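Enquirer: Handing you a structure now.
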Amino acid sequence: MELRIFTEPQQGASYDDLLRVAKASEDAGFGAFFRSDHYLKMGSASGLPGPTDAWVTLAGLARETSRIRLGTLVTAATFRHPSVLAISVAQVDQMSGGRIEFGLGSGWYADEHTAYGIDLPQPRELFDRYSEQLEIITGLWDTAEGQTFSFEGRHYTLKDAPGLPKPAQRPHPPVILGGTGKKRTPELAARYADEFNVPFNDIETARAQYERVDTAAEAAGRGRGEIIRSAALVVAVGRDDAEVARRADAIGREVDELRTNGVAGSVSEAVDTIGRWRESTGISRLYLQVLDLSDLDHLDLIASEIMPQVA
């Protein structure tokens, strides 16, 4: 089981905050540092000092870290034109020496689209655009040097694009898709995904979705189990009950609720929870959502006492 750190900087974090957590994650031996792609806070958080852009952040981190993998869970397809996004991700992959993983989602948070004047189509069109984006981005990356890529869809048209720059990873960075849609999501995963993530859900929901993805992958001629299974869960663990309670309070959650819906409690409880997920769903990666970015001791505890027991 590979443990990865996942942050939600729209809730309130500067670039320096993210850099500090990314470096601490790298030093502690976590497999990757990921961030969300949002421009507006959620819930009662202040959101101060304001939003940071996911790919600007990752470009900075690419130059200030050396080993840890970096990515988004997930980039919103509504925020950027796919050809421009392909260029940005390829450049950041080069800047990192080939450590980028590319998560892409359709976009969903209506309030941030309204706040920043970004179009959020109705669900059918939203997913159609998302599908075209995946085809364009991977198509640009996969185009041989010296050749061009053209695309004519319902929502995007490209003519004789050179497909440059190329990512450091060939043919391209790993593509992460996710969600719980029962038909179109598994079909897209079967076509494009190297990894499939079920975020913030229960074991039964996750297991059923992984099965749908594997079934779709088989129908598309891929091997069953070829797509890596991963999940994302909030984390709040401690050396004793008081430390667990303090960490839960710091993120505005109740301990019992976190035990039910995340990885929470004592070290042994966290290890048991991760073990249940692995045995029941077959996941090999777990993204731990860390919401209190000032608490670096939390990362050290997970790395020193939980990671060795689940690796």
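If you read the sequence shown in the UniProt record's numbering, its first letter stands for residue 1, the second for the next number, and so on. Glycine included, each C-beta is placed from N, C-alpha and C at the ideal position. Predicted model only: the values in this text are computed from it and were never measured.
Please state the DSSP three-state secondary structure of residue 160.
Expert: What you label residue 160 is simply residue 160 of the sequence shown in a count that begins at 1. Correct three-state label for residue 160: strand.
Enquirer: In this structure, does DSSP put residue 62 in helix, strand or coil?
Expert: Within the sequence shown, numbered from 1, the residue matching residue 62 stands at position 62. Helix, per DSSP.
Enquirer: State yes or no: is the C-beta of residue 168 within less than 8 Å of the C-beta of residue 98?
Expert: Translated into positions along the sequence shown, residue 168 becomes position 168. Translated into positions along the sequence shown, residue 98 becomes position 98. Yes. Within cutoff.
Enquirer: With DSSP collapsed to three states, give me the class of residue 8.
Expert: The count along the sequence shown starts at 1 and reaches residue 8 at position 8. Here residue 8 sits in coil by DSSP.
Enquirer: Using the C-alpha atoms, what's the distance from residue 148 back to residue 161?
Expert: The count along the sequence shown starts at 1 and reaches residue 161 at position 161. The count along the sequence shown starts at 1 and reaches residue 148 at position 148. Going from the Cα of residue 161 to the Cα of residue 148 covers about 5 Å.
Enquirer: Can you tell me which of 11, 250, 23, 35 puts its alpha carbon nearest to the alpha carbon of residue 312?
Expert: This structure does not reach residue 312, given that the chain is present from 1 up to 311, and the question cannot be answered.
Enquirer: Checking 8 Å against the spacing of the C-beta atoms, do residue 206 and residue 281 come in under that value?
Expert: Taking the sequence shown and counting its residues from 1, the one referred to as residue 206 is at position 206. Taking the sequence shown and counting its residues from 1, the one referred to as residue 281 is at position 281. Yes.
Enquirer: For residue 116, which residues of its own chain have a beta-carbon under 6 Å away from its beta-carbon, when the five flanking residues on both sides are left out?
Expert: One-based indexing of the sequence shown puts residue 116 at position 116. 39, listed in sequence order.
Enquirer: In whole angstroms, what is the alpha-carbon distance linking residue 67 and residue 225?
Expert: Position 67 of the sequence shown, counting from 1, holds the residue named residue 67. Position 225 of the sequence shown, counting from 1, holds the residue named residue 225. If I take the Cα positions, the gap works out to 27 Å.
Enquirer: Work out the CA separation of residue 89 and residue 102 for me, nearest whole Å.
Expert: What you label residue 102 is simply residue 102 of the sequence shown in a count that begins at 1. What you label residue 89 is simply residue 89 of the sequence shown in a count that begins at 1. Between residue 102 and residue 89, the C-alpha separation is close to 8 Å.
Enquirer: What residues in its chain sit with their C-beta under 8 Å from that of residue 154, if we drop five residues either side in the sequence?
Expert: Position 154 of the sequence shown holds residue 154. Cβ neighbours of residue 154 beyond the five flanking positions: 128, 132.
Enquirer: For residue 223, does the count of other Cβ atoms within 10 angstroms reach 16, so buried, or fall short, so exposed?
Expert: By 1-based counting over the sequence shown, the position of residue 223 is 223. With fewer than 16 other Cβ atoms within 10 Å, it is exposed.
Enquirer: On the three-state DSSP scale, how would you describe residue 305?
Expert: To locate residue 305, count along the sequence shown from 1; it is residue 305. Residue 305: helix per DSSP, three-state reduction.
Enquirer: Quick check on residue 81: buried or exposed, where buried means 16 or more other Cβ atoms within 10 Å of its Cβ?
Expert: Taking the sequence shown and counting its residues from 1, one reaches residue 81 at position 81. It is exposed - the Cβ of residue 81 has fewer than 16 other Cβ atoms within 10 Å.
Enquirer: Sort 251, 204, 252, 196 by Cα distance to residue 229 and report the nearest one.
Expert: On the sequence shown, position 229 is the one that residue 229 refers to. Selected option, being the one with the closest Cα: 196.
Enquirer: Bridge partners of residue 287, per DSSP?
Expert: Working through the sequence shown from its first residue, we reach residue 287 at position 287. Residue 287 pairs with 4, 232.
Enquirer: How far does the alpha helix (DSSP H) with residue 248 in it reach, from first residue to last?
Expert: Along the sequence shown, read from residue 1 onward, the residue named residue 248 stands at position 248. Per DSSP, residue 248 belongs to the alpha helix (DSSP H) from 241 to 250.
Enquirer: Between which two residues does the beta strand (DSSP E) carrying residue 70 extend?
Expert: Here residue 70 corresponds to residue number 70 of the sequence shown, with the count starting at 1. Residues 69 to 72.
Enquirer: Let's see if you can read the secondary structure: which residues bound the alpha helix (DSSP H) around residue 139?
Expert: In the sequence shown, residue 139 corresponds to position 139, counting from 1. Where residue 139 is concerned, the enclosing alpha helix (DSSP H) stretches over 123 to 142.
Enquirer: What does the Cβ neighbour count give for residue 35, buried or exposed, with the cut at 16 atoms within 10 Å?
Expert: Position 35 of the sequence shown, counting from 1, holds the residue named residue 35. By the neighbour-count rule (16 or more Cβ atoms within 10 Å), residue 35 is buried.
Enquirer: Quick check on DSSP: helix, strand or coil for residue 193?
Expert: One-based indexing of the sequence shown puts residue 193 at position 193. Residue 193: coil per DSSP, three-state reduction.
Enquirer: Leaving out the 5 sequence neighbours to the left and right, which residues in its chain are closer than 7 Å to residue 137 when beta-carbon positions are compared?
Expert: Reading the sequence shown from its first residue, position 137 is the one you call residue 137. These residues qualify, in order along the chain: 82, 85, 86.
Enquirer: Is the beta carbon of residue 271 sitting closer than 8 Å to the one on residue 310?
Expert: Position 271 of the sequence shown, counted from the start, is the residue given in the question as residue 271. Position 310 of the sequence shown, counted from the start, is the residue given in the question as residue 310. Yes, the pair counts as a contact, with Cβ atoms nearer than the cut-off.
Enquirer: Does the contact criterion of 3 or more C-beta pairs under 8 Å hold for the region 229 to 239 versus the region 296 to 308?
Expert: As far as the Cβ criterion goes, the region 229 to 239 touches the region 296 to 308, which means the pair count is three or higher.
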